[in-house]
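>
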Amino acid sequence: MSSITTTPPLPEAGQVVEVRGSTWAVSNVQTQGLPRSPADDAVAQLSHVVDLQSLDEGSLGAQLSVVWELEVGHTVTPAQGLPDLIHPSDFDPPEVLAGFIDAMRWGAVTSADPNRYQAPFWSGANVEAYQLEPLRRALGAPRANLLLADDVGLGKTIEAGLVIQELFL
Numbered sequence: 213m214s215s216i217t218t219t220p221p222l223p224e225a226g227q228v229v230e231v232r233g234s235t236w237a238v239s240n241v242q243t244q245g246l247p248r249s250p251a252d253d254a255v256a257q258l259s260h261v262v263d264l265q266s267l268d269e270g271s272l273g274a275q276l277s278v279v280w281e282l283e284v285g286h287t288v289t290p291a292q293g294l295p296d297l298i299h300p301s302d303f304d305p306p307e308v309l310a311g312f313i314d315a316m317r318w319g320a321v322t323s324a325d326p327n328r329y330q331a332p333f334w335s336g337a338n339v340e341a342y343q344l345e346p347l348r349r350a351l352g353a354p355r356a357n358l359l360l361a362d363d364v365g366l367g368k369t370i371e372a373g374l375v376i377q378e379l380f381l
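Here you go:
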């Protein structure tokens, strides 16, 4: 009685994979020089060290190196390309496209330079320099969750309003 063992597909650099419950981008794949012991599996084979970079929001850019054959529950996300057929009825009307282009143009003012803040100029408050620090930290983080705590009367409401307004812009 013979059993057929299928080896999982080996990822290539640039592919997206699911490892340890997170989404990762493959940055490098190296073949190890020595084959695995035949005692580990029925067939001796080479191991591959896969270097990964996180694509998850909470740990964006974090790096991880794994031995691909020893990881449990890993999957290679299939490539998603353009559709084979594009129908003219799938396009937006010109008015909707013009509105989208205007929105992108107007939004580009705030997103072009991450160190340029718009909220202090749009707010009606007299903003002090120290009140911009929570805004800088919130925009530098992948998720804006801050605890604003300082002395009474230093403007925590203004700081929170600046963060909220900047996130809306």
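Under our numbering, residue 381 is the last one in the sequence shown; the count climbs by one each step, no gaps. Glycine included, every Cβ here is placed at the ideal spot set by N, Cα and C. As the structure is a prediction and not an experimental result, all values here were calculated from the model.
Can you have a look at residue 229 and say buried or exposed, based on whether 16 or more other CB atoms are within 10 angstroms of its CB?
For the purposes of this step, residue 229 is taken as residue 17 along the sequence shown, with counting starting at 1. Counting Cβ neighbours within 10 Å, residue 229 comes out buried, since at least 16 surround it.
> With three or more C-beta pairs closer than 8 Å as the rule, is the stretch 300 to 314 touching the stretch 273 to 289?
Touching, no.
> Among 231, 299, 312 and 370, which residue has its Cα nearest to the Cα of residue 279?
Your numbering for residue 279 matches position 67 in the sequence shown. Ranking the options by Cα distance to residue 279, first place goes to 231.
> Among residues of its own chain, excluding the 5 on either side of residue 239, which ones have a beta-carbon nearer than 7 Å to its beta-carbon?
Reading the sequence shown from its first residue, position 27 is the one you call residue 239. The answer, listed in chain order, is 225, 263, 264 and 265.
> Indicate the three-state DSSP secondary structure (helix, strand or coil) for residue 235 in the structure shown.
Start at 1 with the first residue of the sequence shown, and residue 235 comes out as number 23. Here residue 235 sits in strand by DSSP.
> Per DSSP, which residues does residue 266 bridge with? Please list them.
Reading the sequence shown from its first residue, position 54 is the one you call residue 266. DSSP output for residue 266 lists 236 as bridge partner(s).
> Whole angstroms are fine: how far does the CA of residue 374 sit from the CA of residue 335?
Within the sequence shown, residue 335 is the residue found at index 123, counting from 1. Within the sequence shown, residue 374 is the residue found at index 162, counting from 1. Those two C-alpha atoms are separated by around 8 Å.
> Checking 8 Å against the spacing of the C-beta atoms, do residue 354 and residue 371 come in under that value?
Within the sequence shown, the letter at position 142 stands for residue 354. Within the sequence shown, the letter at position 159 stands for residue 371. The answer is no: Cβ separation not under 8 Å.
> Comparing alpha-carbon positions, which option in 361, 242, 274 and 332 lies nearest residue 261?
Counting from 1 along the sequence shown, the entry for residue 261 is found at position 49. The option with the nearest alpha carbon to residue 261 is 242.
> Which residue comes first and which comes last in the beta strand (DSSP E) that contains residue 330?
Stepping through the sequence shown from its first residue, residue 330 is reached at position 118. That residue, residue 330, is in no beta strand (DSSP E); it is neither H nor E in DSSP.
> Could you check the C-alpha separation between residue 235 and residue 284 for me, to the nearest Å?
Mapped onto the sequence shown, residue 235 falls at position 23. Mapped onto the sequence shown, residue 284 falls at position 72. One C-alpha to the other measures close to 14 Å.
> Could you please give the first and the last residue of the uninterrupted alpha helix (DSSP H) stretch that includes residue 351?
For the purposes of this step, residue 351 is identified with residue 139 of the sequence shown, where counting begins at 1. Here the alpha helix (DSSP H) through residue 351 covers 345 to 352.
> If I'm right that residue 332 touches residue 344 with Cβ under 8 Å, what's the distance once you round it to whole angstroms?
Looking up residue 332 in the sequence shown gives position 120. Looking up residue 344 in the sequence shown gives position 132. That pair is a contact at about 7 Å.
> Quick one: what does DSSP say residue 277 is sitting in, helix, strand or coil?
Here residue 277 corresponds to residue number 65 of the sequence shown, with the count starting at 1. Here residue 277 sits in strand by DSSP.
> In the DSSP assignment, what residue or residues form a beta bridge with residue 287?
In the sequence shown, counting from the first residue as 1, residue 287 sits at position 75. Partner(s): 230.
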